[in-house]
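Undergrad: One structure coming up, written as structure tokens, with questions to follow.
Numbering (full-length UniProt numbering), first residue to last: 1 to 189.
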């Protein structure tokens with residue numbers, strides 16, 4: 001229903017932010033990692049999930065689509081609610097969690113308050129195949145972005161091998177082709 005929100009942060013706590021969008025304040029629950037960089041008065045863009053219950057409607061927000069996708073996988077498991085899923089995402093980043101799930105390591109999940117060994121094993125069992133599909137999809141998206149960045153650098157006059165070599169030096173934080181090209185040009189310049 002509400003796929004994303006962009007607006008100004010009006011309030012910040014350790015569990016949620018209030019984002020003002022054209023005069024309406026949305027209370028968005030999120031992880032400490034997502035809140036850490038947020039500053040009151042600054043603009044923010046978050047991918048969101050609206051959890052509708054009998055007596056409440058809560059909004060959960062994330063800086064990356066990968067975090068949102070993993071959150072939605074977690075809440076799809078019987079017995080794991082949105083607050084439990086947020087707790088799991090607080091323990092480690094999605095890449096670490098997907099590695100833990102795909103390798104069957106429940107130790108990361110049992111660090112979360114309220115997640116016991118049986119629940120952690122259930123999460124691993126139910127998500128193992130889904131996480132490998134998610135990893136494959138993320139790798140494919142990254143390859144597509146790298147291909148776009150390579151073509152952009154070639155169109156700017158760089159040789160194929162030079163462009164490929166400089167793209168290997170670009171940080172993993174650059175997710176889009178545009179970010180990769182900008183960082184590559186800085187390294188080249």
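Here a beta-carbon is modelled for each residue, glycine too, at the ideal position from N, C-alpha and C.
1. Taking Cβ to Cβ, would you say residue 176 is nearer than 8 Å to residue 145?
2. Relative to the alpha-carbon of residue 102, which residue among 128, 89, 88, 109 has its alpha-carbon at the smallest distance?
3. Following the continuous beta strand (DSSP E) through residue 58, name the residue where it begins and the one where it ends.
4. Using the Cα positions of residue 188 and residue 173, report the straight-line distance between them to the nearest angstrom.
5. Given 8 Å as the limit, is there contact between the stretch 30 to 38 and the stretch 61 to 78, that is, 3 or more CB pairs closer than that?
6. Could you compute how far the alpha carbon of residue 121 sits from the alpha carbon of residue 165?
7. With a floor of 4 residues, list each alpha helix (DSSP H) that falls wholly inside the stretch 18 to 96, ordered by position along the chain.
8. Is it true that the CB of residue 79 sits closer than 8 Å to the CB of residue 119?
TA: Reading from the atomic positions:
1. To locate residue 176, count along the chain shown from 1; it is residue 176. To locate residue 145, count along the chain shown from 1; it is residue 145. Their beta carbons are under 8 Å apart, which means residue 176 touches residue 145 by this criterion.
2. Indexing the chain shown from 1 puts residue 102 at position 102. Selected option, being the one with the closest Cα: 128.
3. Here the question's residue 58 lines up with position 58 in the chain shown. Start and end: 57 to 62.
4. The residue labelled residue 188 in the question sits at position 188 within the chain shown. The residue labelled residue 173 in the question sits at position 173 within the chain shown. Distance from the CA of residue 188 to the CA of residue 173, rounded to the nearest whole angstrom, comes to 18 Å.
5. The stretch 30 to 38 is in contact with the stretch 61 to 78.
6. As a position in the chain shown, residue 121 is number 121, starting the count at 1. As a position in the chain shown, residue 165 is number 165, starting the count at 1. Rounded to the nearest angstrom, the two C-alpha atoms are 42 Å apart.
7. List check, alpha helix (DSSP H) in window: 32 to 36, 65 to 75, 82 to 91.
8. Position 119 of the chain shown, counting from 1, holds the residue named residue 119. Position 79 of the chain shown, counting from 1, holds the residue named residue 79. Note that the C-beta distance between residue 119 and residue 79 is below 8 Å.
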